[in-house]
Amino acid sequence: MHGGDVQITAREAGTVTVVEFEGHLDTNTAPEAKERLDGLQDGGVQKILVSFEKLDYISSAGLRILLATAKRLGASGGSLRICGLNETVSEVFEISGFSVILSVFGNEAEALEGF
Amino acid sequence: MSPPGQIRTIVIADGLTKDVLSPDHPYCAGYENVGDREIERLFGRGKYYGDGPLPTFLRAVADGGPANGCGLILLSPVGKEGSNGTGGTGTIFVEPIEELARGAVIVPTKDVVIPADSLREAFGTLGVSEDAFADTRFLVVGCHTDRRILGLASLLRNVWECAHVAISPHLVGSATQEAHFAALRHTLPAAGIEILLDLEVTAEYVGLETQPFSEFGCKPVSIEPPEALDALGDTGRHIVELLCLNWTRARLRPLAGGFSGSLLFLADGWKGGARTEPLVVKIDAFAQMRRELNGYHQVKDFFGKHVPTFGYPIWSGDSIGVGMDLAAMEGRPQTLQDTFEQADREDSLELFLRRLDKSLALLSDKLYGNTKDVAWVVPYRAFGLHTEQQAIWMRENANLILSYLDEAGSDPPKVDPALMEKLLRLIAANEDGVDSEVCLCHGDLNLANVICDDGDNIWFIDWTHSGKAPLELDLAKLETDAKFVMSKEFDLDDLPRLRRFEEYLLSQRIPAEAANLPEDLKFVKWDLRFRRILDAVRRIRGACFELKQQDEWLVYRVALLRHVLHTLSFDKRRDRGECELPQLMHALYSAENLVFNLVADDFHLKIRGERPTSYPPRLRISIDEAPWLLDCDEYDPPYHVDPSVLENDRMIVEGGWADPEDIGLIADKLAGMEARFRDDAGRPLNPHGRTGIAGRGLLGYWACNLYVSATVTRTSSETGHTEILLGGREDEVKLSLPRGFVLFEETPRAAIARVLEDKVGWQPGEADGEVVFEGFTYDRRQTDHAWVETQAFLFHGLADRTPGTLKAGGEFDELRWWPLEAETVNRVPSDQAHSIRGAVTRLIDTGQLDRSEGDRLLERTG
């Protein structure tokens, strides 16, 4: 249904690591996303901004990855923010309630402010 | 001391005759005789016959009583050997009493009759008129405690309303010990008769010198340790003294919560130097104890000897105490908690696990498996997690625990209470359910409520909270208790390992054996503090899941969450339990893991599966596939329309309440509806996304089916409290608001007026009522093509203007005004609870409901 790849790139924005997702974050691509996010945390990254501006679709598997990242960062005193949800991804966040439990911002500039 | 001749106390003695109290033939063989043991206890033995407490006491009354204002009345059977029924010969009485009879007032009696008129005359003979009954002290002595002694005391106290009527166990006796104790412990106190357990106090009561009676040692049981006496208070002490009436010493050990918790003890007893069988003693308020007794009655048929045998309950003030025997006990009893805490070596761990295995096998076999049923379980609601209060408590407790950690200067892995609260609110609002096992449960199963003996016999105690509940309720409690409450040996340095360990335990339905754990948990194998938790958890979950038909363990984890949130408050620093900081932090880690795991669980990330039984199963897609915005080519749900809908097509049947199935006939109506999404045929689609069933199911109209409900409230003229009108059905535990669907071309106001007239017999005025909520409402009947929206009205202070007119109608069998409080609101289905909460908010805002009262209700409902 939503088969596709995901491209993940990471860059620094001050003390924040911005991780951009492009394509589909679903059951097939979630392991790769987990590996990238875990790798950043293993390397000591404390502040992660996940940018979904170029993400077309997210499945429940992708939601689980975000949750695991938020939990792990929280334990070490770090934090996770998310920005740039398109209408489809936003609807999934709304229905699942993740828009309430995770810190979601309209765009990258808003998300970086005060992070 | 009274003036000479003025009688202030009357001692009435019955059953002091040869046929009752003589140890000699032929009397001792008669059915009236109380037997050697009682004769010896009351009168003395052999050459000392006549020197026992009863004749000594009566001699003192006869000799010195009158000088102290004390009169003696002896009841004497008519028609027995040697008696003329009026006294004088004395030959009917046993020898030590014969001489006393000459100075006493004799009252003739016959068979089982209580000679009320003759007694009144006898009082008159002693100079006590009826006017003086209330101020006179009465002491009834003799045999048989459970028969005429009881009748005499009851006549005085309950019929003639004498305020001071007493009995001393040392001066009464019966042929049957059980009947004797039942009368002393239960029947006589319940009739308002004072039981004087100390013979010296009894002497004082009738105005005698106490010193001559000290040698008998007729004292109440001596209670140890001093903390127990402090915990018991006067009322509790009196109850324990009555329960342990035939003991000389009782040593109490608290079974739960220490001496500061509920009064539940294991009482070790002595008679002189000899140990007695121990007794479980529980003292509680009347309402609580009634629940306990009801609980025992519920389970005793299933559990037989594995629940204690109840003695007669004892009233004292507002409290009731009960003694419970543990049948066929071998050696000394201890709780399973004791065994767990002592499991610090391989052999003692083995003992604990053996007893745990046996406990679980008994519970599974005799209780859970025996009463098991499958039902629709809405887990967060079933375990009371849906209320606002739970989220508040969790946040407050978590912040407090973290502040303790800061004070201690410790820096273990942190948790984020604010995020945990959001996660809890999200999952707890999920009102979906699963088909799951429900059975008769204990309701408060912890290791202290399981008693074991040296022969590994098991008893389960404290059934106050028993009832039908999800199977997981008890077993998740047991796991929580073992992990956090009972595991007291951890310190702050252990927290990182405890966190990893708990994370693992909550990731596996049945955790692996110690030897097969992941590399980072290898320490569990050699650290018995961890291993006994692992072994206990493996066994508890094994017992639970063996009874389940499906592999899910969602309900178990929700039950764990319920119990662990409760554990966060068992704070020793606040004197609320036994948990020190490491235990509380361990529990907090568990709560954190559970809320994260449950948010990520399929149960939360799939669309709701609830449906009426007539529906086909829903297609359970992930919630990310639910939005209509997303293409979902594989989505092919079953189509369902109930026959009752087709039979009520309003275009065919007069008064029909359903649209036609052929949408071409109502094309204009459908086209005119506002709809964000439509299917290829132009039918509006459920605004909350895919539901897993197409068609209308049981709903009459395509698209929105509008419901109206009425929250009817009043301020009670009797109590001043706010009340709500709710209906009930005989076959339903739940209560309900008056409500119904809006019919075709009917306005919501006309609909609510019709519903109220039909279901409660009251017609509101046209302008009455205000709308407190309107919008989409989850309804288990919903489909892709039909859903429910509600308009909820509030009517305050209007419906009782014409008292007596309200009458149950429609689906209601019963209609009642209920107090508007959380317990009431939690008894209505959740969709209606939302309407009531809206009404409560309006009542607060308009000053018609006290704000603190209203806020309390809103916190405790959801």
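Here the protein sequences come in this chain order: P and U.
Numbered according to numbering that gives the first Met the number 0, the first sequence spans residues 0 to 114.
Numbered according to numbering that gives the first Met the number 0, the second sequence spans residues 0 to 861.
Where is the CB? At the ideal position from N, CA and C, for every residue including glycine.
Just so you know, these numbers come straight off a predicted model, no measurement behind them.
For residue 45(P), which of helix, strand or coil comes out of DSSP? For this step, residue 45(P) is matched to residue 46 along the first sequence. Residue 45(P): coil per DSSP, three-state reduction.
Heavy atom of the ligand FMN within 7 Å of residue 486(U) beta-carbon: Among the ligands in the structure shown, none appear at all, so the ligand FMN cannot be discussed.
By DSSP, does residue 159(U) sit in helix, in strand, or in coil? By one-based count along the second sequence, residue 159(U) stands at place 160. In the structure shown, residue 159(U) adopts coil according to DSSP, grouped into three states.
Going along chain U in order, which residues have a C-beta closer than 7 Å to the C-beta of residue 90(P)? As a position in the first sequence, residue 90(P) is number 91, starting the count at 1. Against residue 90(P), the close residues of chain U are 626 and 628, in the order they occur along the chain (beta-carbon pairs closer than 7 Å).
Any Cβ of chain P within less than 8 Å of the Cβ of residue 559(U)? Against the second sequence, residue 559(U) aligns to sequence position 560. For residue 559(U), the answer is no, since every Cβ of chain P falls outside 8 Å of its Cβ.
Presumed contact (8 Å Cβ cut-off) between residue 28(U) and residue 72(U), rounded CB distance: Position 29 of the second sequence, counted from the first residue, corresponds to residue 28(U). Position 73 of the second sequence, counted from the first residue, corresponds to residue 72(U). Rounded to whole angstroms, the Cβ separation of residue 28(U) and residue 72(U) is 29 Å, and the two are not in contact under 8 Å.
Name, please, each residue of chain P whose Cβ falls closer than 9 Å to the Cβ of residue 597(U). Taking the first residue of the second sequence as 1, we reach residue 597(U) at position 598. Within chain P, no residue comes near residue 597(U); the closest Cβ sits about 11 Å away, beyond 9 Å.
Integer-rounded CB distance, given that residue 700(U) should sit under 8 Å from residue 791(U): Within the second sequence, the letter at position 792 stands for residue 791(U). Within the second sequence, the letter at position 701 stands for residue 700(U). Contact between residue 791(U) and residue 700(U) fails: their C-beta atoms lie close to 19 Å from each other, not under 8 Å.
Roughly how far, in whole angstroms, is the beta-carbon of residue 757(U) from the beta-carbon of residue 808(U), given that I think they are within contact range, below 8 Å? As a working mapping, residue 757(U) is identified with position 758 in the second sequence. As a working mapping, residue 808(U) is identified with position 809 in the second sequence. About 5 Å separates the two Cβ atoms, so the contact holds.
Could you tell me the alpha carbon to alpha carbon distance between residue 551(U) and residue 761(U), rounded to whole angstroms? As a working mapping, residue 551(U) is identified with position 552 in the second sequence. As a working mapping, residue 761(U) is identified with position 762 in the second sequence. In a straight line, the C-alpha of residue 551(U) is about 48 Å away from that of residue 761(U).
Have a look at residue 95(P) and residue 768(U) and give me their C-alpha separation to the nearest angstrom. Along the first sequence, one-based indexing puts residue 95(P) at 96. Along the second sequence, one-based indexing puts residue 768(U) at 769. Rounded to the nearest whole angstrom, the C-alpha separation of residue 95(P) and residue 768(U) is 35 Å.
How close, in whole Å, do the beta carbons of residue 61(P) and residue 25(P) come, if the pair is a contact with beta carbons under 8 Å? Walking along the first sequence from the start, residue 61(P) turns up at place 62. Walking along the first sequence from the start, residue 25(P) turns up at place 26. About 6 Å; that satisfies the 8 Å criterion.
Tell me the start and end of each unbroken beta strand (DSSP E) in the stretch 757–823 of chain U that is at least 3 residues and wholly inside, in chain order. Listed in chain order, they are 769–776, 785–795 and 813–818.
Cutting at 7 Å between CB atoms, please list the residues of its own chain near residue 455(U), excluding the five before and the five after it. One-based indexing of the second sequence puts residue 455(U) at position 456. Shown here for residue 455(U): same chain residues with a beta carbon closer than 7 Å to its own, the five before and five after excluded, namely 353, 354 and 357 in chain order.
Test: residue 621(U) CB closer than 8 Å to a CB of chain P: As a working note, residue 621(U) is residue 622 in the second sequence. Closer than 8 Å to some Cβ of chain P, the Cβ of residue 621(U) qualifies, so yes.
Uninterrupted beta strand (DSSP E) stretches inside the stretch 75–151 of chain U (no shorter than 3 residues): List check, beta strand (DSSP E) in window: 104–108 and 136–142.
At which residues does the beta strand (DSSP E) containing residue 314(U) begin and terminate? Position 315 of the second sequence, counted from the first residue, corresponds to residue 314(U). Residues 313–315.
For the putative contact between residue 166(U) and residue 139(U), defined by C-beta atoms under 8 Å, what is the C-beta separation to the nearest angstrom? Within the second sequence, residue 166(U) is the residue found at index 167, counting from 1. Within the second sequence, residue 139(U) is the residue found at index 140, counting from 1. Their Cβ separation, rounded to whole angstroms, is 5 Å, which keeps residue 166(U) and residue 139(U) in contact under 8 Å.
For residue 194(U) and residue 241(U), believed in contact at Cβ under 8 Å, the rounded distance: Reading the second sequence from its first residue, position 242 is the one you call residue 241(U). Reading the second sequence from its first residue, position 195 is the one you call residue 194(U). Sure, about 7 Å apart at Cβ, within 8 Å.
Name, in chain order, the residues that DSSP records as bridge partners for residue 458(U). Taking the first residue of the second sequence as 1, we reach residue 458(U) at position 459. According to DSSP, residue 458(U) bridges with 450(U).
Using a Cβ cut-off of 8 Å, pull out every chain U residue sitting near residue 62(P), in sequence order please. Your numbering for residue 62(P) matches position 63 in the first sequence. Going along chain U in sequence order, the residues near residue 62(P) (Cβ under 8 Å) are 599, 604 and 623.
For the pair the stretch 42–62 of chain P and the stretch 78–93 of chain P, tell me if three or more CB-CB distances fall below 8 Å. Segments in contact, yes.
Going by the CB atoms, is the gap between residue 436(U) and residue 546(U) shorter than 8 Å? The residue you call residue 546(U) lines up with position 547 of the second sequence. The residue you call residue 436(U) lines up with position 437 of the second sequence. With contacts defined as CB atoms closer than 8 Å, residue 546(U) and residue 436(U) qualify as a contacting pair.
Note down, in chain order, every chain U residue with its Cβ under 7 Å from the Cβ of residue 58(P). Here residue 58(P) is taken as the residue at index 59 of the first sequence, counted from 1. In chain order: 621 and 623.
Where residue 356(U) falls: helix, strand or coil (DSSP): Within the second sequence, residue 356(U) is the residue found at index 357, counting from 1. Note: residue 356(U) maps to helix in three-state DSSP.
DSSP has residue 833(U) in a bridge; who is on the other side? The residue you call residue 833(U) lines up with position 834 of the second sequence. None, per the DSSP bridge assignment.
Helix, strand or coil: which one does DSSP assign to residue 257(U)? To locate residue 257(U), count along the second sequence from 1; it is residue 258. Because the pLDDT of residue 257(U) is 47, which lies under 50, any placement of that residue in the model is unreliable, and the number read from its coordinates should be weighed accordingly. When DSSP states are grouped into helix, strand and coil, residue 257(U) belongs to the helix group.
Alpha carbon to alpha carbon, what distance is there between residue 335(U) and residue 285(U)? Here residue 285(U) corresponds to residue number 286 of the second sequence, with the count starting at 1. Here residue 335(U) corresponds to residue number 336 of the second sequence, with the count starting at 1. Here the alpha carbons of residue 335(U) and residue 285(U) stand approximately 28 Å from one another.
State the beta-bridge partners of residue 862(U) as determined by DSSP. For chain U, the structure presents residues 0 to 861; residue 862(U) sits outside this window and is missing.
Between which two residues does the alpha helix (DSSP H) harbouring residue 65(P) extend? Taking the first sequence and counting its residues from 1, one reaches residue 65(P) at position 66. Note, residue 65(P): alpha helix (DSSP H), 59–74.
Which residues of the stretch 27–42 of chain P have a Cβ closer than 8 Å to any Cβ of chain U? Give them in chain order. So nothing in the stretch comes that close.
Name the DSSP bridge partner or partners of residue 195(U)? Reading the second sequence from its first residue, position 196 is the one you call residue 195(U). The partner list for residue 195(U) (beta bridge, DSSP) is empty, contrary to what the question assumes.
Consult DSSP for residue 704(U) and reduce its assignment to one of helix, strand or coil. In the second sequence, residue 704(U) corresponds to position 705, counting from 1. Strand at residue 704(U).
With a threshold of 8 Å between beta-carbons, can residue 87(P) be considered close to chain U, or not? Position 88 of the first sequence, counted from the start, is the residue given in the question as residue 87(P). True, the Cβ-Cβ gap to chain U drops below 8 Å.
Spatial distance of residue 616(U) from residue 610(U) (CA atoms): Mapped onto the second sequence, residue 616(U) falls at position 617. Mapped onto the second sequence, residue 610(U) falls at position 611. Using only the alpha carbons, I get a separation of about 7 Å.
Can you tell me the Cα-Cα spacing of residue 854(U) and residue 839(U), whole angstroms? To locate residue 854(U), count along the second sequence from 1; it is residue 855. To locate residue 839(U), count along the second sequence from 1; it is residue 840. CA-to-CA, the gap between residue 854(U) and residue 839(U) works out to about 9 Å.
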